[in-house]
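Worksheet for the structure shown next.
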Amino acid sequence: MRAKRRSAMVGALLGACVFLVPEASAGAQTDNPRAADTDAREAAVHPNRVATMNLFKPGGRKPWTTAQEIAKHAPQVVGLQEVCLRDTDAIVRHLKERGLTYYATVGPASQKFGCGRRWGIRGSYGNVILSATPITDSGHQSYPEGGSEGRSFVWANAVVDGVETKIFNTHLAQGPQADVREKQARFLADHVKPHTRAIVLGDFNSEPWLPAMSPMTSLLWDADPYCGPVQDKRCTPTADASPNRKKFDYVFLNRAYAPPPGVSTHNTFSDHDLVYADVKAKF
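In our numbering, the protein residues as written are -5 to 277.
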């Protein structure tokens, strides 16, 4: 949903990178108040909570504000879209200062002058997955049809509700490109389908009952039980749009997870809400 952009960006592929923040050793002293407080906050991470958030904000955003939003809800895994990739390590560092250790995987990105006038990762933005447990494998894939901007998804193997799960995070084409979004959604669904356990996060720039979303809604269920191929007024909107707010941001689950638990939304500095769900693995 980037109708406000003045120009399209030049697509540039970046290899998936993993940022690891070292954990404290098992023998570390915890008898001072600050260390004890850190331990308590680390224990507060919700092991079955997954979240998604598009960070876009006209005029910029700061890594510490992103970390603050994530820390409020302490998900096990969060998918971020429209992240200045140079800020990823800073977001992880600010979370660590709040007692929350996360590991990050970033995917391919586009150049964006708002992220710094430099080519390469420091001048790019894209998708990021943060996990409170080490990421055992990760990768990314660009869509064959990116539309007006290069688009892609990033994936990672991470633990959710005690079991290893394939996590996908994506951002589909914006604006009046429904045909492109449908092709992207179908391409993504083909990559998700083979996995026993899968969770898909992201900004799909489409409401769930529109044809562009049929590849996803026919394969997965939305964590919001009121959002699906049949329009329902109870479906929770997640993004600012004209003339009304719309449902663009998703937590999708495959059948390895119990029926949709419902979602919670939190208004943020972005024009998208932070959306999260507490999920339960069946096996």
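The beta-carbon is built from N, C-alpha and C at its ideal position, and this holds for glycine as well.
For Thr230, the closest alpha carbon among the candidates Val257, Ala206 and Arg43 is that of Val257.
Assignment of Ser208 by DSSP, reduced to helix, strand and coil, places it in the helix class. When DSSP states are grouped into helix, strand and coil, Leu79 belongs to the helix group.
Looking at the backbone, the Cα of Leu195 and that of Phe246 are separated by about 6 Å. 7 Å or more divides the Cβ of Pro128 from the Cβ of Tyr96.
For Asp197, the uninterrupted beta strand (DSSP E) run begins and ends at Ala192 to Asp197, by DSSP.
By the criterion of at least three beta-carbon pairs nearer than 8 Å, the region 83 to 91 is not in contact with the region 170 to 187.
Apart from sequence neighbours up to five positions away, the residues of its chain that approach Asp197 with a beta-carbon distance below 6 Å are Asn48, Gln75, His165, Phe242 and Asp243, ordered along the chain. Residues Gly73, Asn121, Ile123, Val148, Leu195 and Gly196 of the same chain have their beta carbon placed closer than 6 Å to that of Asn163, with the five preceding and five following residues left out of the count. Annotated as distal: Thr232 and Ile193, with beta-carbon spacing of 7 Å or more. Closest by C-alpha distance to Asn261, out of Pro223, Lys66 and Trp215, is Lys66. Under the DSSP assignment, Trp58 falls in the alpha helix (DSSP H) whose first and last residues are Pro57 to His67. Annotated three-state conformation of Gln178 is helix, per DSSP. The continuous beta strand (DSSP E) containing Arg43 extends over residues His40 to Asn48.
Minimum Cα-Cα distance from Asp155 among the listed residues Val269, Tyr251 and Pro138 corresponds to Tyr251.
Counting other Cβ atoms within 10 Å of its Cβ, Gln178 reaches 16 or more and is therefore classed as buried.
In its chain, beyond the 5 residues on either side, Pro57 have a beta carbon closer than 7 Å to the beta carbon of Asp81. At a Cβ-Cβ threshold of 7 Å, Val44 and Val77 do not count as neighbours. Here DSSP, grouped into helix, strand and coil, assigns Ala172 to helix. For the options Asn151, Ile161, Glu63 and Asp265, the alpha carbon positioned closest to that of Asn248 is the one of Ile161.
Beta-bridge annotation (DSSP): Phe147 is paired with Gln135 and Thr164.
Per DSSP, reduced to three states, the secondary structure at Ala271 is strand. Ranked by Cα distance from Phe181, the options Ala150, Asp226 and Gly140 are led by Gly140. A direct Cα-to-Cα measurement between Leu94 and Ala68 gives close to 8 Å. Rounded to whole angstroms, the gap between the alpha carbons of Glu63 and Arg239 is 21 Å. With a cutoff of 7 Å on beta-carbon distance, Thr59 and Phe263 are scored as near each other. A direct Cα-to-Cα measurement between Leu213 and Ala38 gives close to 32 Å.
The continuous beta strand (DSSP E) containing Phe246 extends over residues Asp243 to Leu247.
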